[in-house]
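Each remark here refers to the structure printed beneath this line.
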Amino acid sequence: MVTYQSSRGHERGVQASYAILKGIAADGGLYVPSEYPKFPNTIEKYAEYSYQDLAKEVLSLYLTDFTEQELEECVKNAYGDSFDTPLIAPTVKAGQYYFLELFHGPTYAFKDMALQILPELMKVAMKKQAIDKKVLILTATSGDTGKAAMEGFADVSDTAIMVYYPKDGVSFIQERQMTTQVGDNVDVIGIKGNFDDAQSGVKKLFSDPTFVKEMYDKGYLLSSANSINIGRLMPQIVYYVYAYVQLCKSGELSYGEKMDVVVPTGNFGNILAGYYAKKMGLPIGILLSASNENKVISDFMKERIYNKNREMHLTKSPSMDILVSSNLERLLYDIAGAEKVETYMDSLQREGKYEITQGEALAMQDFYGDYAKHEECEKVIAAFYEEHGYLMDTHTAVAVAVAEKWQKKNKTLIVSTASPYKFASAVLAALGEKEVPEDFHLAQKLYQKTGKQIPEAIAELKDKEVRFQKVIHPSEMKNSVYDFVENLSPREKRL
Ligand SMILES: *Cc1c(COP(=O)(O)O)cnc(C)c1O
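To convert a position in the sequence shown, counted from 1, into my numbering, add 2.
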């Protein structure tokens, strides 16, 4: 039976439902599974499975205190009509690559793959742990998590959610998607700073025992919808398996043949789920982590030194503008153990960097890291559109640009993380249009240029009321939580 322990070693043997509710361990570490379960069936067998069936299978291996029935219900509620294709995560061939499209959910970025199911898992977890509190989700977002999390949690009873985003660090459409969010239990706040400021602000609140206790006494259990939550990580394993099986089914791969995956990386959550899939026995070759100009991970993979002491670049792939990639801690745990993780994280905290040993670097051979500059990404977007009629967003382009520089031995899966319409201005610029500030008419323009359907919820954005405009300094985050809780409508406040 899989249980969870902190990557920093001071908490062990907790159940999945507990880890999902807590989000982060008390010692500041991330929950990691006690083992990587093997698939109980052959990969061939999964050819008969729908996405939902496969999700249930994978989750049942990790969330061992959830019953079959509970998981069935969660999966059914999560992966249904809110996706615009019954396949949920289709794989499309363009040129020599296979694109695993993870942007067919309600907010058009891959975060939906996990955030459509997280609220369902949390509801069950609350029952299991007999929580008589309301769960208050605090989330830092580099642009996509915030919207996807609110879409999942809006008006879910006994939950409330606050989202912090870097005021000048997200695209126009991303910001508008968030600030027009409906629901009585949501709050959206811009931060004067970058994503790391927002993320470390949230982490600070979680690890402030006085604050946590105070909120508890007010009736709130703090939790996280960031990819540090295993309730987000585990559902992301599913689509790697699904993609592999689809490619086998269509004859592009033969069963057992290795496939390399390239993942546009920020917080290291998506690619880590691919690593977990590999650990479970999925024939993945190399996991290629693709960074934009914020190439901390790429440097780390090459030089063994993780160093966040550098300028943050605001790029055209803003969801990857991250210097502290939280989920890397889980990989470190695997290769170096809890004690070393604690030392490294302490060093990251104090000096902004750490260096792993040669032996530890060797243990990371499943991974390779590289990065691509903006110009390379623009070329890729234009070339794939012109040569293959395939339109991709700026994040996916980072992955393709990195893949182009990689000595390919195996078939290559590109993890495609967002709809091009979320980043219309940058995509149009890549297609040769003059760059103009983002506005609603750009979606129309991208449609006229490419004939690719505008996603409905993006087309509707311009008629929606902006409900949130607050911008604060990171030091005011704690007060913003007090304010929000104070002002929750009476209906929401009642337990
Ligand atoms: C969040 C995000 C990423 C980065 O994923 P991580 O799991 O944080 O590495 C890449 N692309 C898009 C569009 C995203 O929203």
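Note that CB positions come from ideal geometry on N, CA and C, so glycine has one too. Because the structure is a prediction, the values reported are computed rather than measured.
Straight-line Cα distance separating residue j from residue i
i, j, result
"Y6", "A21", "7 angstroms"
"F174", "S300", "28 angstroms"
"E357", "S349", "9 angstroms"
"Y278", "G31", "18 angstroms"
"S144", "I324", "8 angstroms"
"M303", "Q54", "35 angstroms"
"M163", "G371", "The displayed chain sequence assigns Ile, not Met, to residue 163. Roughly 34 angstroms separates the two Cα atoms."
"E166", "F85", "Correcting the residue type first, residue 166 is Tyr in the shown sequence and not Glu. Each residue's Cα considered, the two are about 25 angstroms apart."
"A96", "E46", "25 angstroms"
"M261", "N412", "6 angstroms"
"A338", "M366", "10 angstroms"
"A28", "C250", "43 angstroms"
"L123", "E388", "42 angstroms"
"N272", "A363", "20 angstroms"
"D199", "G354", "14 angstroms"
"K318", "R234", "25 angstroms"
"P439", "F425", "11 angstroms"
"L65", "F470", "36 angstroms"
"Q409", "L290", "11 angstroms"
"R352", "K342", "15 angstroms"
"I191", "K472", "5 angstroms"
"M180", "G361", "44 angstroms"
"K495", "E488", "At K495, the pLDDT of 48 sits below 50, so the modelled position is not reliable and the matter cannot be decided from this model."
"Q238", "N231", "12 angstroms"
"S321", "Y51", "32 angstroms"
"G25", "S229", "9 angstroms"
"K125", "A156", "13 angstroms"
"L444", "A428", "10 angstroms"
"Q98", "V243", "20 angstroms"
"V158", "L23", "15 angstroms"
Spatial neighbours of residue i in its chain, beta-carbon cut-off 6 angstroms, leaving aside the 5 residues before and after
i, result
"L63", "P39"
"Y19", "Checking the sequence shown, residue 19 turns out to be Ser, not Tyr. Contacts found: D67, A127, K130, Q131."
"A49", "V247, K251"
"F442", "K464"
"H106", "F85, D86, T87"
"L393", "Y387, P422, T452, K454"
Local conformation of residue i per DSSP, three classes
i, result
"D146", "coil"
"E103", "strand"
"L497", "Low per-residue confidence applies at L497: pLDDT is 45, beneath 50, and the placement is therefore not dependable, though the value from the model is reported in the following sentence. Here L497 sits in coil by DSSP."
"N309", "strand"
"K194", "coil"
"V240", "helix"
"P35", "strand"
"F425", "helix"
"D114", "helix"
"E435", "coil"
"T69", "coil"
"L261", "The question names Leu, but residue 261 is Met in the sequence shown. Note: M261 maps to strand in three-state DSSP."
"M479", "helix"
"G283", "coil"
"P168", "strand"
"E488", "helix"
"T141", "strand"
"G268", "coil"
Distance between beta carbons of residue j and residue i, contact taken as under 8 angstroms
i, j, result
"G15", "E344", "Wrong, their Cβ atoms sit about 18 angstroms apart, outside the cutoff."
"V265", "A405", "Between A405 and V265 the Cβ distance is about 10 angstroms, and since that is not below 8 angstroms, they are no contact."
"A498", "A150", "This structure leaves residue 498 out entirely; the chain is present only between 3 and 497."
"D114", "P108", "6 angstroms"
"A340", "C379", "Actually they do not touch by this definition, with Cβ atoms about 38 angstroms apart."
"A245", "L415", "6 angstroms"
"Q118", "G154", "6 angstroms"
"A227", "I139", "5 angstroms"
"F270", "S225", "About 20 angstroms; that fails the 8 angstroms criterion."
"V240", "V60", "5 angstroms"
Chain-order list of residues whose beta-carbon lies under 7 angstroms from that of residue i (same chain, five-residue window excluded)
i, result
"F41", "M282, G283"
"F197", "A142, S144, P168, G171, D323, I324"
"V34", "Y6, Q7, S9, R332, Y335"
"E467", "T182"
"Q17", "T5, D67"
8 angstroms Cβ shell around residue i - same chain, five flanking residues per side excluded
i, result
"L497", "Only weak support exists for where L497 lies, its pLDDT of 45 falling under 50; the coordinates are left without a value."
"E254", "K95, Y100, K413"
Check: residue i C-beta below 7 angstroms from any heavy atom of ligand 3
i, result
"N294", "Absence of ligand 3 from the depicted structure is noted, with ligand 1 being the only ligands included."
Three CB pairs or more closer than 8 angstroms across the stretch 202-209 and the stretch 181-190: Between the stretch 202-209 and the stretch 181-190 there are fewer than three inter-stretch CB-CB distances shorter than 8 angstroms, so the stretches are not counted as touching.
Stretch-stretch touch, CB-based, cutoff 8 angstroms, three pairs: the stretch 331-343 with the stretch 426-436: The stretch 331-343 vs the stretch 426-436: no contact.
The stretch 287-300 touching the stretch 363-375, judged by at least three CB pairs closer than 8 angstroms: Yes: the two stretches touch, three or more of their Cβ pairs being nearer than 8 angstroms.
Segment contact flag, the stretch 97-113 with the stretch 212-222, C-beta cutoff 8 angstroms, min 3 pairs: The stretch 97-113, when compared against the stretch 212-222, does not touch it at the 8 angstroms Cβ threshold.
Validate contact between the stretch 450-464 and the stretch 479-488 using beta carbons, cut 8 angstroms, 3 pairs: These segments do not touch.
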